[in-house]
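Report on the structure given below.
Residue numbers (the working numbering): -18 to 474.
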């Protein structure tokens, strides 16, 4: 067994440490020398690329087009929407100078004090301000609407306490920004994009999610409504995995984005924004993976099938090479990504453990006896079950197996989540149980005071008002007042 795998902390011993080690040992990412920032390694980035491709296709199916906007935002832009700037002010990285010069000792560089910017520039924490300043030039008439743009980019939010993928100062994401002629169109778009995220999470990531709307306290800065998908990790904590915001006319008014409507009247544009980030990588890892390493859904696995030969000599390896070439070709013809690992610098046992650690969904092993019998050993990563099958028709069998693995890991995650959702209307009971994880459906009186008390006393937050939960009359478990909603409450990342 590979040394990396033997040294992986068990989830039951220390879930947080297990996650941190797995990200590094599975070659997904590592800490950089820039405080709070990470290096995404090729294997990790290839998973992110598959996420990008699938999401990008889904966005474009709804009429969205990709664009790109500046990394640097004039400070004055952030001053134009008061709630927005207040929400991000403490996280902003600020550019104050535009030039360096050699120091007096001639052994390094310093900031040139003569190169101070007239107006400071903010490295984008999000792009509503720069984009809506641009939209003012693009929108004059209702015929210019809707305007549906998305950009794939990086953002900077100055985080002090970071964790790879889940919370870093710089991270990769997409941010969609749309402008509409009516409130109804904008609200419909915000809800539509949430459904796109939920569909992607469940059908590609195999991560079941709860869809809902955030409380006023938890809304995105500058939004009238924030819609969210919440996923449950294996330790019972929630992870906000995607958000879509109905911004009303706040940014239209802040940046004077007006248009002539169908009645020849001047109106402000209605806005949405929506985004998911490399945080999805964290969700993927923490939802499915086990003490042997990553468990990847086949739809997002960089390598869906690995083939490992076991041989006694060069002659036998050559025979296996020739035999496997046809299998590889036929698998690729079915759109399956395959790696044939016949490298002679690592023992088969190391390869087995390494590919388990990296979550490759299917492993095929062919040895000398398999060559004689025209058989192959098949192992599925999700259950670690092995079987020996004939090589005849193995390609179609593997294709079906990949579909089964995709469905099975979703089913397993959904069963786990559903078993850890509880209705709870007794605050003392809630306080005793929430520390062990789980989603709690609780009545809430709708006040920020009650919400703040729950957070202060239990470290849990109201994740959302779920769409699929029947809203029945009840009493707030904290205040004893009549409840407005039954909400989802959990500790979270």
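Cβ atoms here follow ideal geometry from the backbone N, Cα and C, with glycine treated the same way.
Because the structure is a prediction, the values reported are computed rather than measured.
Across which residues does DSSP place residue i in a beta bridge pair?
i	result
residue 47	131
residue 159	129, 253
residue 11	20
residue 122	241
residue 352	DSSP lists no partner for residue 352.
residue 213	219
residue 463	456
residue 55	102
residue 447	193
residue 229	252
Which whole-angstrom value describes the C-beta separation of residue i and residue j, a residue pair presumed to lie in contact below a C-beta threshold of 8 Å?
i	j	result
residue 129	residue 163	Contact flag wrong, Cβ pair sits at about 15 Å.
residue 201	residue 114	Contact doesn't hold; Cβ gap of about 19 Å is too wide.
residue 170	residue 253	5 Å
residue 383	residue 454	Not confirmed; about 47 Å, so no contact.
residue 71	residue 101	That pair is no contact at about 16 Å.
residue 290	residue 305	7 Å
residue 112	residue 50	5 Å
residue 293	residue 340	Not quite, the Cβ-Cβ distance comes to about 30 Å (not below 8 Å), so this is no contact.
By Cβ distance below 8 Å, which residues in the same chain neighbour residue i in space, the five residues on each side in sequence not counted?
i	result
residue 61	110, 235, 236
residue 413	none
residue 466	424, 425, 427, 446, 452
residue 141	17
residue 89	83
residue 524	Any question about residue 524 goes unanswered here, given that the chain covers just -18 to 474.
Alpha carbon to alpha carbon, how far is residue i from residue j?
i	j	result
residue 198	residue 433	9 Å
residue 84	residue 97	17 Å
residue 436	residue 346	52 Å
residue 471	residue 405	12 Å
residue -8	residue 338	14 Å
residue 402	residue 189	13 Å
residue 372	residue 394	32 Å
residue 176	residue 76	37 Å
residue 120	residue 180	31 Å
residue 42	residue 174	11 Å
residue 54	residue 64	17 Å
residue 95	residue 246	49 Å
residue 48	residue 213	33 Å
residue 9	residue 122	47 Å
residue 22	residue 298	31 Å
residue 156	residue 208	15 Å
residue 93	residue 78	7 Å
residue 131	residue 144	27 Å
residue 379	residue 317	9 Å
residue 462	residue 407	13 Å
residue 362	residue 26	21 Å
residue 86	residue 192	60 Å
residue -6	residue 397	19 Å
residue 342	residue 327	20 Å
Whose C-beta lies closer than 6 Å to the C-beta of residue i among residues of the same chain, with five residues either side of it excluded?
i	result
residue 269	276, 390
residue 165	none
residue -18	Its pLDDT being 47, under 50, residue -18 is placed unreliably in this model, and the value from its coordinates should be taken loosely. Only 334 meet the Cβ criterion.
residue 223	178, 210, 257
residue -1	-10, -8
residue 540	Residue 540 is absent from the model: the chain starts at -18 and stops at 474.
residue 74	104, 137, 139
residue 239	247, 249
Take residue i and list the residues in its own chain whose beta-carbon comes closer than 7 Å to its own, dropping the five residues that flank it on each side.
i	result
residue 431	425, 457, 459, 460
residue 183	189, 190, 391
residue 478	The question about residue 478 has no answer here: the residues shown for the chain are numbered -18 through 474.
residue 450	422, 467
residue 2	-11, -10
residue 296	none
Using a threshold of 8 Å, state whether the C-beta atoms of residue i and residue j are closer than that.
i	j	result
residue 186	residue 265	yes
residue 35	residue 274	no
residue 136	residue 172	no
residue 204	residue 226	yes
residue 261	residue 32	yes
residue 468	residue 439	no
residue 103	residue 281	no
residue 243	residue 418	no
residue 66	residue 81	no
residue 216	residue -4	yes
residue 474	residue 315	no
residue 369	residue 356	yes
residue 263	residue 153	no
residue 376	residue 308	yes
residue 367	residue 353	no
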